[in-house]
Structures are given as C-alpha cells and as structure tokens.
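Take a look at the structure below.
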Amino acid sequence: MEVELIDIGKKFERHFVFRGVTHSFKTGDKTAILGGNGSGKSTLLKIISGSMTSTEGELIIHDQGKAVKVEDYMRRVAFAGPYTDLIDEYNLEEIVEFTSKFRTWRNGMSNVDVIEATRLQKVSKRPLANYSSGMRQRVRLALAILADTPVLLLDEPTSNLDERAIQWFRRLLEANVDGRILFIGSNDEAYETELCTGEISLRK
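For the sequence shown, the residue numbers in this note's numbering are 2 to 205.
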C-alpha cells in the first residue's frame, strides 16, 4: 500500500495550523510526526487516517497500483490516541468482541489472545468506565496495534502510561509493526518513536 500527501494544509477559522505537507509512504515505512501542543500533529494524523479532510491539498492512496477510495481506505486503518472513545459501559471482553465484528486480528489471534495481550485479564469483566486512564490507554493501544490493518496510526501512545506499561507498549508494537505503514505522533519523546526511521516535523 502507498499513501501520498500532496501539499496538505489545514485551517481552523482563519489560521492555518500547517501548510505544504508533501510526503509519500509505503509498506514498511515508520514515520514520526513531531510537534508540541497545538502544532497540528493530531490533526495531520487524522487527515492521514482519512477521518478528517484537509483545507487544501490531496490524500491519495494506492494498493498494488490501484487507486483506493478514502472510505475503503479507512477500513484498512487502525488509530489510537488518548482521546479515542471507548464504550464505557462495556468491559474488556465486550469491547474486544465488539471490535472483532469489523476487524480481524493479526497473525490469527483470537479474542482471548487479544485480552491476554493487554495484561488486563484480571479485570476483564470490570466496566471500562472504572478503568484508570493508564488501563484505558492500554485497551486503545491493543485494539489498534493488534488489528490486522496495513496502516497504523498512534497519537502520543505513551500518554498516561507508567514505566512498566511503556515497556509493554514498546514490546507489543515491535512485535506487530512488520508489513505495515506506521505513523506515531509525539511531542518528541524518543522512547515513543524509537522504531521510526523517518519524520515530519511540525515544530513551530
């Protein structure tokens, strides 16, 4: 798969948060999108995911040389950020089951495998509303990283994670990044983007 950004810009009200972003990505590319708060990195990630339109420029997707419509592309994208909604009434088992209705898991994993990968099995029947912010972030990350999608976007993935959970995240991502296009939005935390080999800087 190939994802191409051509002269992408995004404006809110009268002001552009960024302009002129041009870049192409192919399977195996791992790109950090770097910038501080308000730099537009989350916005750019959403544009790359197809869930937000740009003010100017174009997002072009090809798969094996054939053009892919944005609505079809979005089904091939997994996204996680600290603001990604979870269904609070569901417990972990239920959110994994729900997600599996429209996603398959990598490497033939079962729902039980995904639950075990979160390391939250002991609280798998507790409503997500009762999870700590760090536990909720683990759920978001596992659902995205373990989804069998060719494109993976993670925005500030270590938000709300303690050191032990950061190590869990790094191991999980490293084991599940092959054969994908990876984007990681970060405030320039080296431990978040250590797998990345390219970058787009939105630093002001």
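Just so you know, even glycine gets a beta-carbon here, dropped at the ideal spot from N, CA and C.
Residue i, enclosing beta strand (DSSP E) - first and last residue
{"i": "aspartate 200", "result": "In the sequence as presented, aspartate is not what sits at residue 200; that position holds glutamate. That run of the beta strand (DSSP E) goes 199-202."}
{"i": "leucine 60", "result": "57-64"}
{"i": "glycine 186", "result": "182-187"}
{"i": "valine 18", "result": "16-27"}
{"i": "valine 152", "result": "152-156"}
{"i": "threonine 194", "result": "Neither: threonine 194 is in no beta strand (DSSP E) and is coded neither H nor E."}
{"i": "alanine 81", "result": "78-81"}
{"i": "threonine 105", "result": "Here threonine 105 belongs to no beta strand (DSSP E), and DSSP marks it neither H nor E."}
{"i": "leucine 35", "result": "31-35"}
Environment of residue i [buried if 16+ CB atoms lie within 10 Å]
{"i": "glycine 82", "result": "buried"}
{"i": "glutamate 157", "result": "buried"}
{"i": "serine 25", "result": "exposed"}
{"i": "serine 50", "result": "buried"}
{"i": "arginine 1", "result": "Since the displayed the chain opens at 2 and closes at 205, residue 1 lies outside it and no answer follows."}
{"i": "valine 18", "result": "buried"}
{"i": "phenylalanine 80", "result": "buried"}
{"i": "phenylalanine 170", "result": "buried"}
{"i": "phenylalanine 184", "result": "buried"}
Residue i vs residue j beta-carbon contact at 8 Å
{"i": "threonine 194", "j": "alanine 33", "result": "yes"}
{"i": "serine 43", "j": "glycine 10", "result": "no"}
{"i": "valine 78", "j": "leucine 154", "result": "yes"}
{"i": "isoleucine 182", "j": "threonine 85", "result": "no"}
{"i": "leucine 35", "j": "aspartate 179", "result": "no"}
{"i": "leucine 144", "j": "leucine 174", "result": "no"}
{"i": "aspartate 149", "j": "arginine 104", "result": "yes"}
{"i": "leucine 129", "j": "leucine 87", "result": "yes"}
{"i": "lysine 31", "j": "glycine 186", "result": "no"}
{"i": "asparagine 92", "j": "serine 52", "result": "no"}
{"i": "aspartate 73", "j": "methionine 2", "result": "no"}
Range of the contiguous alpha helix (DSSP H) that encloses residue i
{"i": "serine 43", "result": "42-50"}
{"i": "glutamate 5", "result": "Note, glutamate 5: premise wrong, no alpha helix (DSSP H); beta strand (DSSP E) at 3-13."}
{"i": "arginine 171", "result": "164-176"}
{"i": "valine 115", "result": "112-119"}
{"i": "valine 140", "result": "134-146"}
Anticipated Cβ contact below 8 Å, residue i with residue j, distance rounded
{"i": "isoleucine 116", "j": "glutamate 94", "result": "6 Å"}
{"i": "valine 152", "j": "valine 22", "result": "Incorrect: roughly 17 Å between the Cβ atoms, too far for contact."}
{"i": "glycine 41", "j": "leucine 142", "result": "With 8 Å as the limit, glycine 41 and leucine 142 do not qualify as a contact, their Cβ atoms being about 22 Å apart."}
{"i": "asparagine 177", "j": "arginine 107", "result": "6 Å"}
{"i": "alanine 166", "j": "leucine 147", "result": "That belief does not hold up - the Cβ atoms of alanine 166 and leucine 147 are roughly 16 Å apart, past 8 Å."}
{"i": "glycine 66", "j": "isoleucine 7", "result": "No, glycine 66 and isoleucine 7 are not in contact; Cβ-Cβ is about 18 Å, not under 8 Å."}
Residue i Cβ short of 7 Å to the ligand HEM heavy atom set
{"i": "glycine 109", "result": "In the structure on display, the ligand HEM does not appear, and there are no ligands present to speak of."}
Cβ of residue i within 8 Å of any chain D Cβ
{"i": "phenylalanine 17", "result": "Protein chain content of the structure displayed is limited to a single chain, and chain D is not contained in it."}
Quick one: any contact between the segment 118-136 and the segment 153-172, if contact means 3 or more CB pairs under 8 Å?
yes
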